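1 is the number of the first residue of the sequence shown in this note's numbering; add one for each residue after it.
Think of the CB as a built atom: it goes at the ideal place given N, C-alpha and C, for glycine as much as any other residue.
Since we're looking at a predicted model, the values are computed, not measured.
In what follows, a structure is listed as structure tokens, so that the remarks can point back to it.
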Amino acid sequence: MAGGGSAIRGSRVGAGPMGEAERGESAPRQTVTYFCSHGHRSVVAFAVEAAIPDEWDCPKCGLPASRDADNPPPAPKIEPYKTHLASVKERRSDAEAKDILDEALVTLRAKRKAGEIIF
Ligand SMILES: [Zn+2]
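Here it is as structure tokens:
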């Protein structure tokens, strides 16, 4: 009833920018800021001798992020499953065969046009 502390503190953000800066012994680092198309800004620390990648997966949303704040890489398109035709072909029955064949031919033609031949 007396639910005072309702805040859920599941996420503990680790080392901030100052957290591990002055450790002394560790290899010198450089921080690189990446921007994703969701507007997230992610600071990633690299060893100074490391090659800095042009893209980095946004740790917040997983989208690719780039170092150019004005031109974040576009979100990759997620391809829909292409297995519809394949599964239809595997369990065709006599009754459905013709309809499926017609459908398959249409699909096949479309795929042939796209340069993708299945048979
Ligand atoms: Zn993001």
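Check                                                                                                                                                                      : Outcome
Drop a sphere of 10 angstroms on the beta-carbon of Pro72, count the other beta-carbons inside from all chains shown, and report buried for 16 or more, exposed for fewer. : buried
For a quick check, are the C-beta atoms of Arg67 and Asp57 less than 8 angstroms apart?                                                                                    : no
Compute the Euclidean distance between the alpha carbons of Ala45 and Thr31, then round it to the nearest angstrom.                                                        : 4 angstroms
With ligand 1 as the reference, list in chain order each residue whose Cβ lies under 6 angstroms from any of its heavy atoms.                                              : Cys36, His38, His40, Cys58, Lys60, Cys61 and Leu63
Rounded C-beta distance between Val43 and Thr33? I'm assuming under 8 angstroms.                                                                                           : 5 angstroms
Please classify Ala50 as buried or exposed, where buried requires at least 16 other C-beta atoms within 10 Å of its C-beta.                                                : exposed
Compute the Euclidean distance between the alpha carbons of Pro59 and Ala110, then round it to the nearest angstrom.                                                       : 38 angstroms
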